[in-house]
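Student:
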Amino acid sequence: MSDPLSSGDRSAACDELFKALSDGTRRALLEHLVREGEQSVHALTAVSDVSQPMVSRHLGKLKRARLVTARRAGRETFYAARVKGLAPVVQWMAIYGALWSQRFTALEELGEPA
């Protein structure tokens, strides 16, 4: 059986996702897009505590991590959440969730009376 984390592509995708999600402002922007749907940069700036250039920078990082998509309409750019972008992290968590579940079961069996 091969190591599920040996794939360079999967590892790089997880690295990008974890970096993108490590910032609270980016998480808040992503959560807002998930809840409210597609929004313009202007609208996202209005609901955030940071300037428009910082919102654009955060959205760029989310876009590189494939967590949002961008659509131009005239002078505005609209962003939408791309929930499928979380798939590499969900897969990574499933692998480790199963591993830890097995280890906890083994620990519990050690404590059972013979």
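full-length UniProt numbering puts the first residue of the sequence shown at 1, with every later residue one more than the last.
Note that beta-carbon positions come from the ideal geometry of N, C-alpha and C, so glycine has one too.
Ends of the alpha helix (DSSP H) at Glu76?
Tutor: Careful: Glu76 lies outside any alpha helix (DSSP H), inside the beta strand (DSSP E) at 76 to 81.
Student: The alpha helix (DSSP H) with Ala46 in it runs from where to where?
Tutor: 41 to 47
Student: With which residues is Arg72 paired in a DSSP beta bridge?
Tutor: Arg72 pairs with Thr77.
Student: Below 6 Å CB to CB, which residues in the same chain sit around Ser40 once its five sequence neighbours on both sides are set aside?
Tutor: Its chain contains Glu76, Phe78 as the residues whose beta carbon lies nearer than 6 Å to that of Ser40, once the 5 sequence neighbours on both sides are disregarded; these appear in chain order.
Student: Determine the burial state of His42: buried for a count of at least 16 other Cβ atoms within 10 Å of its Cβ, exposed for fewer.
Tutor: Classification of His42: exposed, given that the 10 Å Cβ count is below 16.
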